[in-house]
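Have a look at the structure below, then the notes.
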Amino acid sequence: MIEEKIKKLIKEALKNLNIESGNFSVEHPADLTMGDYSTNVAKLANVKKLETKNKRFTREEVADMIGGFINRNKPKEIEKVEEKAGFINFYLSRKFFAGSIEEIVNKANNVGKNDILSGKKIMVEYTDPNPFKPFHIGHLMTNAIGESIARILEHSGAAVARANYQGDIGLHVAKAIWGLLKNEKLQNKSGSHNLQATNIGQAYMHGAEAYENDEDSKKEIEEINKKIYARNDKKINEIYQWGFDVTMEAFEDLYKMLGTKFDFYFLESAMADIGRDIVNANMDKVFEESDGATVFKAEKHDPKLHTRVFITSAGLPTYETKELGLTEEKFKTNPEMDLSIMITANEQMNYMRVVAKAISLIHPDFEKRMKHITHGMMRFVGDKMSSRKGNVITGESLLNDARDAILEKMTDREFPNEEREKIASDVGVAAIKYSILKQSTGGDIIYDFENSISFEGDSGPYLQYSCARANSVLEKAQKENILPDFEVLPGEIFEVEKLLYRFPEIVFRSASEYEPHFIANYLIEVARAYNSFYGNTVIVNKEDKTSPYKIALTYAFSFVMKTGLHLLGIEAPVKM
RNA sequence: GCCCUUGUAGUUCAAUGGAUAGAACGAAGCUCUUCUAAGGCUUUGAUGUAGGUUCGAUUCCUACCAAGGGCACCA
1 MIEEKIKKLI
11 KEALKNLNIE
21 SGNFSVEHPA
31 DLTMGDYSTN
41 VAKLANVKKL
51 ETKNKRFTRE
61 EVADMIGGFI
71 NRNKPKEIEK
81 VEEKAGFINF
91 YLSRKFFAGS
101 IEEIVNKANN
111 VGKNDILSGK
121 KIMVEYTDPN
131 PFKPFHIGHL
141 MTNAIGESIA
151 RILEHSGAAV
161 ARANYQGDIG
171 LHVAKAIWGL
181 LKNEKLQNKS
191 GSHNLQATNI
201 GQAYMHGAEA
211 YENDEDSKKE
221 IEEINKKIYA
231 RNDKKINEIY
241 QWGFDVTMEA
251 FEDLYKMLGT
261 KFDFYFLESA
271 MADIGRDIVN
281 ANMDKVFEES
291 DGATVFKAEK
301 HDPKLHTRVF
311 ITSAGLPTYE
321 TKELGLTEEK
331 FKTNPEMDLS
341 IMITANEQMN
351 YMRVVAKAIS
361 LIHPDFEKRM
371 KHITHGMMRF
381 VGDKMSSRKG
391 NVITGESLLN
401 DARDAILEKM
411 TDREFPNEER
421 EKIASDVGVA
431 AIKYSILKQS
441 TGGDIIYDFE
451 NSISFEGDSG
461 PYLQYSCARA
471 NSVLEKAQKE
481 NILPDFEVLP
491 GEIFEVEKLL
501 YRFPEIVFRS
511 ASEYEPHFIA
521 NYLIEVARAY
531 NSFYGNTVIV
541 NKEDKTSPYK
551 IALTYAFSFV
561 MKTGLHLLGI
571 EAPVKM
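Residue 27 in full-length UniProt numbering sits at position 27 of the first sequence, with consecutive numbering throughout.
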């Protein structure tokens with residue numbers, strides 16, 4: 001590693017010059033014009049030993065001394081070393097960059113892999129849509145983040161299991177079933193799955209509204225809720241089964257479009273009893289009775305936490321209890337699991353902490369093996385609450401609208417129809433996923449429909465487009481029979497080369513911090529650099545002796561871009 | 001009231017305690033007889049307020065102001 005080499009070099013310089021320095025850093029400067037690596041060693045240096053009454057050293061002078069030593073002893077990877085404003089900047093050599101490009105070409109689609117998590121078993125739970133409710137854009141958000149984190153962890157050597165936890169039971173189901181019973185037309189059994197799912201969504205919304213505004217309806221819904229738990233009403237059981245199947249199938253179509261394949265499906269209904277048993281077994285130890293309900297007074301263990309109900313006074317287990325069961329079940333089905341990651345919205349954070357506290361009292365060994373990652377919400381800008389077709393925006397409608405918008409854009413390009421559909425779908429997914437993943441995970445996303453399916457500038461399609469252009473360069477190179485090679489190097493070092501070799505560092509950081517946006521931001525930078533290179537250079541040119549190297553560079557770019565997009569959960573169409 | 005997030009160009013987002021705070025959208029101009037113009041090249045603009053720590057603070061600490069979320073039978 002070149003970074004290690006530079007550090008070693010600095011230490012040698014300090015030793016030889018008899019200078020002491022603290023814990024200096026070696027990092028990439030913000031600006032490429034300031035070199036490839038930079039160190040603050042001179043700023044932290046203590047040169048009192050060398051100073052006399054008449055001579056005091058400035059930081060610039062110290063930097064010059066250290067830089068001078070390194071210049072005299074530099075290895076072939078380093079072109080020059082410069083002092084600027086007290087920093088020492090390292091410029092890497094043409095040879096170094098050519099070597100790094102060759103390395104990427106050799107690694108091909110394995111570029112950026114590391115083994116920090118090698119041998120680790122990790123489960124990532126995400127998406128978690130509820131049957132009988134629409135797949136809304138929040139689910140799209142959790143899915144985009146979860147799938148990306150899962151892939152990043154895989155690229156770091158972990159064996160990742162994808163899990164989906166679905167709320168197939170609870171008041172929301174009762175609301176939807178109440179709506180379906182009141183309006184049988186909504187039980188459209190002939191249409192497509194998507195349509196049926198939408199109708200169930202409508203039924204849910206009727207039920208939710210009635211529950212809020214009408215006392216009698218509220219009572220009816222609560223009755224239905226009890227019957228769903230008890231499974232003792234034939235008609236309700238039938239509607240339940242139908243609605244459950246329809247929504248699950250519709251969700252499965254969406255997962256396919258989004259590029260997610262789950263290994264485990266956990267259902268809330270199955271967790272209720274497991275959780276209840278845990279609560280019963282830990283009565284008085286962890287849980288206590290209060291106003292007829294079973295609660296956990298978390299503030300007794302941590303003043304920042306609060307009391308939560310686990311079993312209601314009506315005897316029904318709450319989400320907290322089911323969560324307890326889910327955790328137990330996850331570790332039971334995967335006893336060697338090293339880490340269980342859960343991805344949900346921020347609003348879940350505070351009560352998940354309470355649940356986590358309860359779990360830590362019951363299973364102290366689980367505590368360190370659980371991680372909760374939360375993301376912000378999709379917030380709408382202005383009153384653009386509706387999609388292109390005037391419907392309320394759901395995750396489903398957004399995906400469809402994005403795809404349609406791309407199809408319009410593609411009318412003047414020639415593709416077979418089947419291919420066209422697939423490309424439009426992949427580009428639409430890229431637009432939406434990228435708009436979610438480009439920013440850090442915790443914050444809200446101010447949601448603008450037009451913006452989220454934009455194809456220009458800072459967007460997913462821009463990345464795909466750069467990749468497609470690189471592909472067509474490579475196709476042309478093949479036709480003209482020019483093979484990639486590293487013999488004759490151009491004099492100029494292109495910006496894109498200065499970025500490509502950093503890809504593994506970016507993956508490493510994303511994996512360490514569970515943050516996809518580092519990759520998203522990096523890819524934009526690389527794409528811009530490549531597009532600039534592409535725009536200002538004729539790459540495939542028989543007259544140009546450096547053309548084989550430029551083609552190799554294009555290969556390296558396409559491998560990094562394709563792999564990076566994969567880590568974001570985005571497909572890279574060969575053509576678009 | 002208490003707890004958790006978050007305050008950066010007109011807008012939406014970046015910036016492991018470092019240099020001249022980066023992009024994109026928007027706006028103005030240029031650019032396809034060259035491998036995909038969904039592109040490239042110019043120009044324009046910002047750290048909520050007040051302190052503190054530090055050689056150095058958008059970043060860490062304190063207070064205030066503002067926005068969002070959570071605080072008992074919903075998830």
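Note that CB positions come from ideal geometry on N, CA and C, so glycine has one too.
These figures come from a predicted structure and were not determined experimentally.
Cβ atoms of S435 and E515 stay farther apart than 8 Å, at about 16 Å. Taking all protein chains in view, the Cβ of I446 is surrounded by fewer than 16 other Cβ atoms within 10 Å, so the residue is classified as exposed. For V81, the enclosing beta strand (DSSP E) begins and ends at 78-84. It is roughly 22 Å from the alpha-carbon of H566 to the alpha-carbon of K498. Under the three-state reduction of DSSP, A159 is assigned to strand. Here L483 is exposed, its C-beta having fewer than 16 other C-beta atoms within 10 Å. Contact annotation: K185 and I221 have beta-carbon atoms that are not nearer than 9 Å. Distance from the CA atom of G68 to the CA atom of K80, rounded to whole angstroms, is 10 Å. Distance from the Cα of D115 is smallest, within the candidate group Q166, E268, E525, V507, for V507.
Annotation: the segment 229-269 contains the following complete segments of the alpha helix (DSSP H) (minimum length 4 residues), in chain order: 234-258. If you draw a straight line from the Cα of A424 to the Cα of A477, it comes to about 27 Å. For the options A298, E252, E215, the alpha carbon positioned closest to that of S360 is the one of A298. Beta-bridge pairing by DSSP links A345 to H375. Your pair S340 and R369 checks out as a contact, with CB atoms roughly 6 Å apart and the cut at 8 Å. Exposed is the label assigned to N481, since fewer than 16 other Cβ atoms lie within 10 Å of its Cβ. Here A163 has M123, E125, F264 as same chain residues with Cβ atoms under 6 Å from its own Cβ, once five neighbours each way along the sequence are excluded. Around the Cβ of T394, a 10 Å sphere holds 16 or more other Cβ atoms; the residue is buried. DSSP places K182 in the uninterrupted alpha helix (DSSP H) bounded by 171-182. Distance from the CA atom of S156 to the CA atom of A527, rounded to whole angstroms, is 23 Å. Shown here for H28: same chain residues with a beta carbon closer than 8 Å to its own, the five before and five after excluded, namely D36, Y37, S38, R502 in chain order.
In the structure shown, the three-state DSSP call for N89 is strand. Within 10 angstroms of the beta-carbon of G315 lie fewer than 16 other beta-carbons, which makes it exposed. Counting other Cβ atoms within 10 Å of its Cβ, N40 reaches 16 or more and is therefore classed as buried.
In terms of Cα proximity to K43, the closest of Q241, K55, M377, N23 is N23. DSSP places E525 inside the alpha helix (DSSP H), whose first and last residues are 517-536. Taken atom to atom, the span from the alpha-carbon of Y204 to that of G535 is near 53 Å.
With the rule of 3 Cβ pairs closer than 8 Å, the segment 559-576 counts as touching the segment 140-149. The distance from the Cβ of F331 to that of T318 is about 21 Å, inconsistent with a contact at the 8 Å cut-off.
If the five residues before and after I278 are omitted, its C-beta is found closer than 7 Å to the C-beta atoms of L324, G325, E328, I362, all from its own chain and listed in chain order. DSSP lists M123, M370 as the bridge partner or partners of S340. Exclusion of the five residues before and after H306 leaves A298, E299, V354 as the residues of its chain whose Cβ lies within less than 7 Å of its Cβ. Distance from the CA atom of F559 to the CA atom of E154, rounded to whole angstroms, is 17 Å. Under the three-state reduction of DSSP output, S558 falls in the helix class. In this structure, I200 lies near F132, with their beta-carbon atoms less than 9 Å apart. Per the C-alpha coordinates, the member of K15, L92, A556, A511 positioned closest to E492 is L92. In this structure, P573 and D426 form a Cβ contact; the two beta carbons are roughly 5 Å apart against a cut-off of 8 Å.
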